[in-house]
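Participant: Going down the list, the sequences are from chains G and B. Counting in the numbering used here, the first sequence runs from 1 upward without gaps. Counting in the numbering used here, the second sequence runs from 1001 upward without gaps.
2 protein chains.
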Amino acid sequence: MAQASGGVTRKEKAGGAVRADASAAAPEGGIRRENLRRILTAAEQVFAEQGYGGATTAAIALRAGLPKANVHYYFSTKRDLYRAVLADILKQWLDPLAHVTPDSDPAQALAGYIRAKMRATRDRPVVSKVFAGEIIHGAEEIWGFLTADLKSLVDEKAAVLDGWIAEGRMAPVDTRHFFFFIWAVTQHYADFDAQVRAVLGRKKLTRRDFDAITAEVVRFILRGAGLSLPAA
Amino acid sequence: MAQASGGVTRKEKAGGAVRADASAAAPEGGIRRENLRRILTAAEQVFAEQGYGGATTAAIALRAGLPKANVHYYFSTKRDLYRAVLADILKQWLDPLAHVTPDSDPAQALAGYIRAKMRATRDRPVVSKVFAGEIIHGAEEIWGFLTADLKSLVDEKAAVLDGWIAEGRMAPVDTRHFFFFIWAVTQHYADFDAQVRAVLGRKKLTRRDFDAITAEVVRFILRGAGLSLPAA
DNA sequence: GTCTATACATAGATAGAC
DNA sequence: GTCTATCTATGTATAGAC
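1. Can you pull the chain B residues whose beta carbon is under 8 Å from the beta carbon of G:Ala-132, in chain order?
2. Specify the secondary structure class of G:Pro-67 as computed by DSSP and reduced to three states.
3. What residues of chain B sit near G:Glu-216, judged by a beta carbon separation below 8 Å?
4. Starting from B:Ser-1128, follow the alpha helix (DSSP H) in both directions and report where the run begins and ends.
5. Residues of chain G with CB closer than 9 Å to the CB of B:Lys-1091, please, in chain order.
6. Is it buried or exposed for G:Leu-94, if we count other Cβ within 10 angstroms and need 16 for buried?
7. Taking B:Asp-1100 as the reference, give the member of B:Gln-1050, B:Pro-1230, B:Leu-1161 with the closest Cα.
8. Using the Cα positions of G:Phe-75 and G:Tyr-52, report the straight-line distance between them to the nearest angstrom.
9. Taking Cβ-Cβ distances shorter than 9 Å, what residues in chain G pair up with B:His-1099?
10. With distance defined between alpha-carbon atoms, name the residue in G:Gly-30, G:Trp-183, G:Val-127 nearest to G:Leu-110.
11. Please report the residue range of the alpha helix (DSSP H) in which B:Ala-1048 lies.
12. So which residues of chain G does B:His-1188 contact, with C-beta pairs closer than 9 Å?
13. DSSP on G:Phe-75, reduced to helix/strand/coil?
14. B:Arg-1223 touches chain G at which residues, Cβ-Cβ below 9 Å?
15. Give the secondary structure of B:Asp-1095 by DSSP, where H, G and I count as helix, E and B as strand, and everything else as coil.
16. What residue from B:Ala-1132, B:Val-1173, B:Leu-1227 has the CA that sits closest to G:His-233's CA?
17. Tell me where the alpha helix (DSSP H) around G:Glu-156 begins and ends.
18. Answer with yes or no whether the minimum CB distance from B:Ala-1111 to chain G is below 7 Å.
19. Report buried or exposed for B:Tyr-1113, applying the criterion of at least 16 other Cβ atoms within 10 angstroms of its Cβ.
20. Going by the CB atoms, is the gap between G:Leu-90 and G:Met-170 shorter than 7 Å?
21. Cβ closer than 8 Å: which chain B residues qualify as neighbours of G:Trp-143?
22. Please report whether the beta-carbon of G:Phe-220 lies at a distance below 7 Å from any beta-carbon of chain B.
23. Please list the terminal residues of the continuous alpha helix (DSSP H) segment that includes G:Leu-222.
24. Quick one: what does DSSP say G:Gly-15 is sitting in, helix, strand or coil?
25. Express the C-alpha separation of B:Gly-1054 and G:Val-130 in angstroms, rounding to a whole number.
26. Give me the Cα-Cα distance between B:Thr-1175 and B:Gly-1163, rounded to the nearest whole angstrom.
27. Does the segment 1139–1151 of chain B come close enough to the segment 187–204 of chain G to have 3 or more Cβ pairs within less than 8 Å?
28. Could you please tell me which residues of the segment 1076–1087 of chain B, in chain order, have their CB closer than 7 Å to any CB of chain G?
29. In whole angstroms, give me the CA-to-CA distance for G:Asp-193 and G:Val-185.
30. Quick check on DSSP: helix, strand or coil for G:Phe-192?
31. Are B:Val-1046 and B:Ala-1061 close, meaning C-beta to C-beta below 7 Å?
32. Given G:Pro-96, which residues of its chain have a CB within under 6 Å of its CB, disregarding the five upstream and five downstream residues?
33. Rounded to a whole number of angstroms, what is the C-alpha to C-alpha distance between B:Ala-1225 and G:Leu-229?
34. Output, in sequence order along the chain, the residues in the segment 1024–1053 of chain B whose CB is closer than 9 Å to any CB in chain G.
35. Kindly give me the distance between the Cβ atoms of G:Ser-128 and G:Ala-87, rounded to whole angstroms, as I take these residues to be in contact under 8 Å.
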């Protein structure tokens, strides 16, 4: 409130980008940070619901609770904002694969990976939908990520699985396609949830539903790799 | 050329919809039919590439090789055109499931279904992408189809599989989710082909690639159901 | 039945007061 | 750093000559 903006004699360059200068006492610690977060969250939802083409900056601003011009202040173009949303998403996309290491038990490691993917699906379905839309429409914006980061990681983890196969610890499958199968099935429950609910005749899937589905998915995929979990 | 359009004294109602009246000798059999086909094909591609929101009637008209106004002559709104494209798609969506009947051999029948789905994926990837986009964004337009036609068909076919399970002819799986798994994996190769190509490091998947992938998919899914094909 | 020209709305983006 | 008012481009849709 008491934000005295006048009287600053120091010259300031226009167009500064990364500067996190919080002159004049930001009361609750970073309006900028807060607004960025609001915009990114809102954008993620609108892009997921409407697609890139169908999303409007007005709708994003509305959901973020900010005026339209404010969105353009932080992201000069709609495409810029879209890229930022994708960058945000990619950061968390690779994490779950950490479960898969050469010395782990195949069934346990893969089950862990699948469960992590299903958990991400349940907790942040919008993320999966934005990602899906991007790939369906050609993946122009994340082509570099797919051909570099994702490809190397898959190559690396596929090699781990190939090792397991060589040791007779799992059935001989095409390991890279095996990852595709895992992604296909897990993401299906985020991206195609409308179809899943329609066919099952459910208005909404409960947490309990999701746990049951996860167990079924794990069983199915492991069996496809000639594995199974101890009955516990 | 010699198309005498004047002199018709017969009164014609405006806004007639379904009339297939080919007055005044259509030389090569149905300009209307031909144009409708061109528009629908073009629209299918543009919707697949850009999404509903990103698609423009101008782009569709351009690809159809017709003036923009002509598109609006046949489909008064963009949404109408979109609905027509979806209707076209839904007609062929259920067909492949015909393979699955109570008296068929489980492995053979399911393999046939999976192969049919993969073939459709390869031959008409755009169809799958339009369908995917529609579901991802809430399936408003095809909700009726999903909850009625698709649901009944799945319920019916799931009952067939439940029968097989009761007879011990396949592993006990949740049969409706089993269909989700099949759709997820098969459609992944149409909808996420960009990701598949990026990770495999291939510019384009050949016909041979596709046959190999299909075989791998069949093996994987059947094994997930405790089945396998005779080695042939 | 076809197509040019155009109306009308809304989109993305910016200028400039605060 | 924020936001009202506005510019310009583009989109959907239509009127009306041919």
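In this text, a Cβ means the ideal position worked out from N, Cα and C, and glycines have one as well.
Facilitator: From the atom records:
1. To locate residue 132 of chain G, count along the first sequence from 1; it is residue 132. Near G:Ala-132 (Cβ distances below 8 Å), the residues of chain B are Ala-1132, Ile-1136, Asp-1191, Phe-1192.
2. Translated into the one-based positions of the first sequence, residue 67 of chain G becomes position 67. In this structure, G:Pro-67 counts as coil in the three-state DSSP scheme.
3. For the purposes of this step, residue 216 of chain G is identified with residue 216 of the first sequence, where counting begins at 1. Chain B residues near G:Glu-216: Val-1173, Asp-1174, His-1177.
4. Indexing the second sequence from 1 puts residue 1128 of chain B at position 128. From DSSP, the alpha helix (DSSP H) with B:Ser-1128 extends over 1125–1136.
5. Against the second sequence, residue 1091 of chain B aligns to sequence position 91. Annotation: B:Lys-1091 has no Cβ neighbours in chain G at a cutoff of 9 Å; minimum Cβ distance is about 17 Å.
6. Position 94 of the first sequence, counted from the first residue, corresponds to residue 94 of chain G. G:Leu-94 comes out exposed.
7. Within the second sequence, the letter at position 100 stands for residue 1100 of chain B. This sequence places Val at residue 1100 of chain B; Asp is not what is there. Comparing Cα positions, the closest option is B:Leu-1161.
8. Stepping through the first sequence from its first residue, residue 75 of chain G is reached at position 75. Stepping through the first sequence from its first residue, residue 52 of chain G is reached at position 52. Approximately 15 Å, taken between the alpha carbons.
9. On the second sequence, residue 1099 of chain B is found 99 positions in, with the first residue counted as 1. For B:His-1099, no chain G residue has a C-beta closer than 9 Å to its own C-beta; the minimum C-beta separation is roughly 19 Å.
10. Taking the first residue of the first sequence as 1, we reach residue 110 of chain G at position 110. Nearest of G:Gly-30, G:Trp-183, G:Val-127 to G:Leu-110, Cα basis: G:Trp-183.
11. Numbered from 1 along the second sequence, position 48 holds the residue referred to as residue 1048 of chain B. First-last of the alpha helix (DSSP H) with B:Ala-1048: 1031–1054.
12. Position 188 of the second sequence, counted from the start, is the residue given in the question as residue 1188 of chain B. Simply Phe-180, Phe-181, Trp-183, Ala-184, Val-185, Gln-187, His-188.
13. Within the first sequence, numbered from 1, the residue matching residue 75 of chain G stands at position 75. G:Phe-75 falls in the coil class under three-state DSSP.
14. The residue you call residue 1223 of chain B lines up with position 223 of the second sequence. Residues of chain G passing the Cβ test: Ala-171, Val-173, Arg-223, Gly-224, Ala-225, Gly-226.
15. Sequence index remark: in the second sequence, residue 1095 of chain B carries index 95 (1-based). Three-state DSSP puts B:Asp-1095 in a helix.
16. The requested residue 233 of chain G is not part of the displayed model; chain G covers only 1 to 232.
17. Counting from one through the first sequence, the residue named residue 156 of chain G turns up at place 156. First-last of the alpha helix (DSSP H) with G:Glu-156: 151–166.
18. If you number the second sequence from 1, residue 1111 of chain B lands on position 111. Judged by the 7 Å Cβ criterion, B:Ala-1111 is not in contact with chain G.
19. Position 113 of the second sequence, counted from the first residue, corresponds to residue 1113 of chain B. Classification for B:Tyr-1113: buried.
20. Here the question's residue 170 of chain G lines up with position 170 in the first sequence. Here the question's residue 90 of chain G lines up with position 90 in the first sequence. Not closer than 7 Å, so no.
21. Looking up residue 143 of chain G in the first sequence gives position 143. In chain order: Ala-1194, Ala-1198.
22. Against the first sequence, residue 220 of chain G aligns to sequence position 220. So yes, G:Phe-220 belongs to the interface.
23. If you number the first sequence from 1, residue 222 of chain G lands on position 222. First-last of the alpha helix (DSSP H) with G:Leu-222: 207–224.
24. Within the first sequence, the letter at position 15 stands for residue 15 of chain G. For G:Gly-15, the predicted structure reports a pLDDT of 31, less than 50, and the residue's modelled location is therefore unreliable. The matter cannot be settled from this model.
25. As a first step, residue 130 of chain G is located in the first sequence; it is residue number 130 there, counting from the start. As a first step, residue 1054 of chain B is located in the second sequence; it is residue number 54 there, counting from the start. Distance between the alpha carbons of G:Val-130 and B:Gly-1054: 14 Å.
26. Here residue 1175 of chain B is taken as the residue at index 175 of the second sequence, counted from 1. Here residue 1163 of chain B is taken as the residue at index 163 of the second sequence, counted from 1. Cα-Cα distance, rounded: 10 Å.
27. yes
28. none
29. Within the first sequence, numbered from 1, the residue matching residue 193 of chain G stands at position 193. Within the first sequence, numbered from 1, the residue matching residue 185 of chain G stands at position 185. If you take the alpha carbons of G:Asp-193 and G:Val-185, they lie about 12 Å apart.
30. As a first step, residue 192 of chain G is located in the first sequence; it is residue number 192 there, counting from the start. G:Phe-192 falls in the coil class under three-state DSSP.
31. Numbered from 1 along the second sequence, position 46 holds the residue referred to as residue 1046 of chain B. Numbered from 1 along the second sequence, position 61 holds the residue referred to as residue 1061 of chain B. Contact: no.
32. Translated into positions along the first sequence, residue 96 of chain G becomes position 96. Excluding residues within five positions, the ones whose Cβ falls inside 6 Å are Tyr-113, Ala-116, Lys-117.
33. For the purposes of this step, residue 1225 of chain B is identified with residue 225 of the second sequence, where counting begins at 1. For the purposes of this step, residue 229 of chain G is identified with residue 229 of the first sequence, where counting begins at 1. The straight-line gap from Cα to Cα measures roughly 16 Å.
34. Answer set for the segment 1024–1053 of chain B: Ala-1048, Glu-1049, Gln-1050, Gly-1051, Tyr-1052, Gly-1053.
35. Numbered from 1 along the first sequence, position 128 holds the residue referred to as residue 128 of chain G. Numbered from 1 along the first sequence, position 87 holds the residue referred to as residue 87 of chain G. The pair is not a contact, with the Cβ atoms about 16 Å apart (cut-off 8 Å).
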